[in-house]
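A quick write-up on the structure given underneath.
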Amino acid sequence: MTASVYRPQTEHYERRSVTAAKRLLIVYAHPDDEAFGNAGIILAARAAGHEVHYICATRGECGTVDEHFLAEHADVRALRTAEQIAAAEALDLGAVHFLNYRDSNMPGTPDNQHPEALVIAPLADVAERVASIIDAFQPQYLITFPPYGGYGHPDHIAIHHATLAALAQATWQVPQVYYSTFSTTLLRIIITGMRILGKNPRAFGRNGDIDVVRVAEEATPITTIVDTRHVIPAKIAAWKCHASQGGGMTRVPRFLWGWFYGSETLTQVTPAPIGGRTTLRFDA
Ligand SMILES: [Zn+2]
């Protein structure tokens with residue numbers, strides 16, 4: 519007997535109905551991906567009158583959290599769902615669409631094999647569900663992960679592939695598609711610094727499971743810059759909603775905020791970029 523395929527229902531957490539003429543859809547894997555990756559872009563789009571929806575594939579069940587965050591929540595799933603709802607308020611998202619797969623955790627963990635894990639789900643199932651939201655929302659802009667998913671998280675890579683498949687099969691053709699990306703300048707400094715200190719940059723982070731060398735190698739090129747200087751305090755407030763994932767730890771002194779937080783970067787996918795870097799102005 520083969521185990522039946524897990525086919526969860528999408529839960530639509532809607533804050534208002536869609537009336538805006540311009541719409542941005544963000545498609546990521548976990549509660550916090552939207553804020554840590556693109557809080558500034560979401561807020562800049564909102565400030566320019568766009569409606570913004572977030573498709574969140576899992577509830578972040580495998581996130582590492584300090585015990586005290588669980589005091590008022592049944593488990594990590596409930597905690598991170600509450601954090602995502604709070605972030606939706608802070609980012610003024612019109613809706614969060616939870617696909618309700620389970621967080622697959624980093625490679626080599628037993629969570630990879632959980633029958634409800636996003637990485638176990640048939641790609642066609644996930645793609646079909648993303649496509650139906652694309653057709654209902656009809657966004658002009660869509661942002662998702664690049665092929666390596668930023669730092670190689672299996673869920674980031676899975677939602678990348680599912681989103682590309684969804685874009686190909688949706689009736690609504692999204693005019694502008696982007697991947698999130700980042701400057702590798704700081705990463706290269708960290709790699710050099712770790713090597714000087716005799717540390718392994720291929721085993722970085724709290725759990726030693728992030729290969730910073732590969733992260734730098736796999737980063738897709740910056741084609742597009744979004745000015746987020748006007749939304750920095752709101753961006754930091756959105757990060758703080760994901761406190762269990764370190765969102766409250768803003769140690770950059772205020773006079774450097776503009777340098778660190780004043781822009782966010784993307785890789786343009788559709789239409790194909792024409793070379794050089796352009797500025798995406800949502801109010802244009
Ligand atoms: Zn994530």
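The sequence shown begins at 519 in the working numbering and counts up one residue at a time.
We put the CB at the ideal spot given by N, CA and C, even for glycine.
All of these numbers come straight from a predicted model, not from anything done at the bench.
In chain order, 552 place their CB closer than 6 Å to the CB of residue 546, counting only its own chain and leaving out the 5 sequence neighbours on each side. Residues with their Cβ less than 6 Å from any non-hydrogen atom of ligand 1, running along the chain, are 547, 548, 551, 671 and 674. Excluding five sequence positions before and after residue 680, the CB atoms of its chain that fall closer than 7 Å to its own CB belong to 641, 644, 645 and 648, given in chain order. Between residue 746 and residue 781, the CB-CB gap stays under 8 Å.
By the CB criterion at 8 Å, residue 573 and residue 617 fall inside the cutoff.
Cβ neighbours of residue 534 within its own chain (closer than 7 Å, five residues either side excluded): 612.
Within the segment 688-745, the alpha helix (DSSP H) runs of at least 4 residues that lie entirely inside it are, in chain order, 703-714 and 730-736. Taking residue 608 as reference, the option from 794, 622, 717 and 565 with the minimal CA-CA separation is 565.
Pairing residue 656 with residue 524, the inter-Cα distance amounts to about 27 Å. The C-beta distance from residue 783 to residue 722 rounds to 21 Å, too long to meet the 8 Å contact threshold. Between residue 674 and the set 683, 749, 787 and 663, the nearest pair of CA atoms involves 663.
Residues 594, 597 and 762 of the same chain have their beta carbon placed closer than 7 Å to that of residue 583, with the five preceding and five following residues left out of the count. The closest CA to that of residue 709, considering only 692, 558, 688 and 735, is found on 735.
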